[in-house]
Every structure is written in structure tokens, then in C-alpha cells.
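Everything on this sheet refers to the single structure shown next.
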Amino acid sequence: MRDYVVAIVGRPNVGKSTLFNALAGERISIVDDKPGVTRDRIYAKVTWLNNTYTLIDTGGIEPTSNDMMLTYMREQAQIAIDTADVIVFVVDVRTGLTDSDSDVAEILRRSGKPIVLCVNKVDNFQRFENDIYEFYNLGMGDPIGVSAASKLGFGDLLDAVSENCANLAGDAFEEEEDTTPKIAIVGKPNVGKSSIINKLCGENRVIVSNIAGTTRDAIDTRVKHHGKDYIFIDTAGLRRKSKIKEDIERYSIIRTVAAVERCDVCVLVIDGKEGISEQDAKIAGIAHDSGKGIIIAVNKWDIVEDKDAYTINRVKDEVRDILSFIPYAEIMFISAQTGQRLIKLYDEVDDVLAASSLRIQTGMLNTVLNDAMVKQQPPTDKGKRLKIYYMTQVSIKPPTFVIFVNDKQLMHFSYTRYIENQLRETFGFKGTALHFIIRERSDKENPFSK
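The numbering used here puts the first residue of the sequence shown at 61, with every later residue one more than the last.
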């Protein structure tokens, strides 16, 4: 089941960012007691009862304000509302029910999305019990009291979010049965994402323009190749904030996040003439964090001058250097304009799909693991040596492995990376991330001990 997108919305200064940070487990959003401090939407992964959600923080909504910044924040929040599966509507128990709360509630009602009403700043449930009941007047169901600052009431809040997501999963059962591979075409504006899809389709099904930011919504296009169906998702591109001329282009990041959540493979399109940038790395990071298969497509290769083997190697080195956190990603050079090597994208997608769904038997895994430990002994710290008992695969997409050890603190990141490299050398895992979970277990619990 896919991760659901949950947006935190409300008027300014009700504690949305404090709630977001507490749920995310780290300080991500700027928190200040001045209304309107959170100006850009931030997202994070939140896990509750083995379910994972993509949580979005938003700027406050002032429905009737004409202030330019508040207008921008209102539009920004509307994008989050449109994109979200479930909305957490935050109000302030200390301020009480305001006209702005009622206006925001009306906006949320029109969205038709499931809404969880969260009454924040309830530091004492007995003291504020009657004040919580006041929010029944919004007509949005049972208000749930929480204190984001003190981290109280989160269980009930997340239970309500989980219940709404479970209902959505039931309603979308038929949609979930569609196993057609989904490929998200991601990248900055004007790198040729829409042109790639149009070329693959053989028709102009996606608007193409040389004006950056033409594609503002994610668009699904079904394509058949050699009798096999694929769904390509075109997304709005990401741009550097200093270069943004239209506010709407600031909203594209969450659309990219949402598209990545729905896809099986991400094709990161890079402009071959301009080269790779920090924005490309940001987009790649979204795909990597979600454990998706990744293909790097260097587009517009037909207009790169004086191409030779050295040029290709130089570009590959630059890409590998900036995207050093995804060394497993495949790199290909294409031209959406001429169709050069574009048809090979299907083969790359098929290879990555197969790798992300690969399951390795526990016996084979531990043969590789034992050989790896013979080649390079596990680390020792303060006279205590790391013991690795065994490893097993627990899931796919991405392939996820649990390694049982005597002491998690001794399992250094570098040694986990070493084991990952040994697995890749043996089994390939082309274009897909590998996830590792380290768990402690005693010698007596080791099923392979004699």
C-alpha cells in the first residue's frame, strides 16, 4: 500500500510547525511566535503503528487577507490541500474558535478530503475540556486535544489519521490492484520531461513549451511498448527560489513528492547542456529517501557540442560526484528531440523494476555475508568485537534486509556500506536502493549457531 500524504493546515500561529516538528521527531520547520513565520511547505516521513505517512507542513491560511505574503501562503496551503489524502486541521484552544477558523473550515469542506480536527495547546486536559468542546461548532467531527509543545495526545491524533487512511485504502482497493509499472519523470523545469513522454507516446499528449514551468500538475500517461503497459507521470519541475518568477512554481516540490510516492521508478532528467545542479541533487534525494528505483537521463545530448568519449566520461564523473549518495543509479544519454537512445529507456526501466523486486534466499544471503566477513573482519571498538549472526530479507521495493548483531553500536555505517557493496557485486540490484535494519540478538537466539 502506498504512503499517504497528510497536510497540516490552519490559520497562522496555532502551532502547526511545532506539531509538525514533534511528529517528525526533529526540528525541521522554523518555529516562532510571530504569525506567518512558516513560509515554505516542508515535508517529512512519519511512522505510526507500522504505517508510514508523508507529512506536509504549511504556512498559515488567512482567507480574507490581501497582504501579498499571506496571499502567497494561502495559495501555497491550497496546493497542499489539493495534493493531500488526509488533512489535519489545527486550531488553538487558548485563542478559542475564531472567524478565521470558520473560514478555513469552509475551505477544507470544499476540498472533500477527510479531515482530522486537532485542537492544539491543550497542556491540561481537565482545565481545557470545555474549551475543546467549543470546536464542535465547526461541524468537522470530534475535536482531538493535543499539546504539540509537550507532545501530549499524539496517539489519538495519529489513530484518527490512520483510520482515515485505512478508509481511503478500502475505497481505492480496485485502484491498488493496478500493477502497471509507474514511472515518474522528474527534474527541473525545461529539461524536456514532457517532450520525453510525448516522444514515447508518438503524440503531443502533454503540453510542451520552452517556457520553464509549463507543466504545473502531475499528469499520468499510459503507454504500451512491445505489448507491455507503462504509466508515465509527468511532474512540475523544481527551481531555485531566487529564480522563481511565478509563485506557483514554488508549489511544485510537493507535487514531485506525491508523484514519487506513487511511482515504482523515478527518471531524473538532467539538461545535458547546462549540466547537473544542486536542484537535481535535491530531486534525487526525494527519490532516494523514498527507496524508489532511479534512472538518470541526461537529455538534450544532441545539442551538446564536441561530444566524444571524454565528454561522456566527464559528465558521468560530475553526476557521480554530486549524486554520490546514489551510486547505484543508472546513467543514460538521450535526446527527446531526436529520439536518440530514448527507446532504451524501457529496457532500463524493466531492469530497475526487476532489481527492486528481487528476493534473495536467506541461505544465499548468509553465504555472501560470511564470505564478506572473511575478506574484511567486522570492526572492534574498545576491545569488543562486532558479531554478525545472520541476515535475512524482509521486503522488496526497495529490497530491505535485517542484520542481527550482538551490539548495534558496533555496526558502523562504513561496514554496512561494505556489506551492501558485496550484495550488489553478487546480485546486481541495478538502479535500486537497499535498506538495512540492524537488530540486536544474543548468541543463544542465533538460529545458525551450533
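Built from N, CA and C at the ideal position, the CB exists for glycine as well.
Check whether residue i and residue j have beta carbons under 8 Å apart
i, j, result
"V221", "V150", "no"
"V66", "V148", "yes"
"A493", "H348", "yes"
"E194", "G247", "no"
"G491", "V412", "yes"
"D324", "P241", "yes"
"P387", "S416", "no"
"F393", "I372", "yes"
"I456", "R419", "yes"
"V176", "N224", "yes"
"A341", "I382", "yes"
"T295", "T316", "yes"
"V53", "N359", "The requested residue 53 is not part of the displayed model; the chain covers only 61 to 510."
"L425", "L446", "no"
"A389", "I355", "yes"
"T476", "T452", "no"
"K173", "V153", "no"
"V106", "A82", "no"
"Y478", "Q436", "yes"
"V251", "D377", "no"
First through last residue of the alpha helix (DSSP H) which encompasses residue i
i, result
"L402", "Element bounds for L402: n/a, residue is neither H nor E."
"Y475", "F473 to F487"
"S160", "D159 to S171"
"F149", "Taken as a continuous stretch (DSSP letters only), F149 belongs to no alpha helix (DSSP H), being part of the beta strand (DSSP E) at V146 to D152."
"N388", "Looking at the sequence itself, residue 388 is Tyr, so the reference to Asn does not match. Per DSSP, Y388 belongs to no alpha helix (DSSP H) and is neither H nor E."
"V434", "T422 to K435"
"I463", "First-last for I463: T460 to V465, but that is the beta strand (DSSP E), not the alpha helix (DSSP H)."
"I394", "Premise fails: I394 is in no alpha helix (DSSP H) and is neither H nor E."
Neighbourhood of residue i by C-beta distance below 8 Å, restricted to the same chain and skipping five residues each side
i, result
"V320", "A244, V246, C326, I346, A347, S350 and K352"
"K367", "W361"
"D183", "S207, A209, S210 and L212"
"E234", "Low confidence applies here, because E234 scores a pLDDT of 45, under 50, leaving its location unreliable; read the following figure in that light. Excluding residues within five positions, none has a Cβ falling inside 8 Å."
"V69", "K76, T118, I121, A137, A140, I141, I147, V148, F149, V150, V164 and L168"
"L402", "I256, K259, L260, I394, S395 and A396"
"K444", "D467 and L470"
"D214", "One point to set straight first is that residue 214 is Phe, not Asp, in the sequence displayed. A82, L83 and V206."
DSSP three-state assignment for residue i, whether helix, strand or coil
i, result
"E500", "strand"
"E245", "The question names Glu, but residue 245 in the sequence shown is Ile. Strand."
"D117", "strand"
"T78", "helix"
"V325", "strand"
"T239", "coil"
"A493", "coil"
"K342", "helix"
"L109", "coil"
"A220", "helix"
"V412", "helix"
"V251", "coil"
"K211", "coil"
"R380", "helix"
"I330", "strand"
"V66", "strand"
"T155", "coil"
"I336", "coil"
"N73", "coil"
"D441", "strand"
"V320", "helix"
"V375", "helix"
Where the beta strand (DSSP E) through residue i begins and ends
i, result
"Y290", "K288 to D294"
"M34", "In the structure as shown, the chain starts at 61 and stops at 510, and residue 34 therefore has no counterpart that could be examined."
"L177", "I175 to N180"
"N190", "Here N190 belongs to no beta strand (DSSP E); instead the alpha helix (DSSP H) covers E189 to Y193."
"I363", "From DSSP, I363 is part of no beta strand (DSSP E); its letter is neither H nor E."
Other residues of its chain near residue i: CB distance less than 7 Å, five sequence neighbours each side excluded
i, result
"D63", "T112, Y113, T114 and E321"
"Y103", "T114, L115, I116, I314 and V317"
"C261", "T281 and V283"
"F185", "G205"
"D216", "I204"
"D289", "T240 and R282"
"D441", "L470"
Spatial neighbours of residue i in its chain, beta-carbon cut-off 6 Å, leaving aside the 5 residues before and after
i, result
"T486", "V428"
"D410", "none"
"D100", "Note that D100 scores a pLDDT of 44, beneath 50, so its modelled location is shaky and nothing firm can be said."
"H472", "P439"
**Request:** Check whether the region 483-502 touches the region 455-474, taking contact to mean three or more Cβ pairs, one atom from each stretch, closer than 8 Å.
**Result:** yes
**Message:** Would you call the region 184-203 in contact with the region 152-169, where contact means no fewer than 3 C-beta pairs closer than 8 Å?
**Reply:** yes
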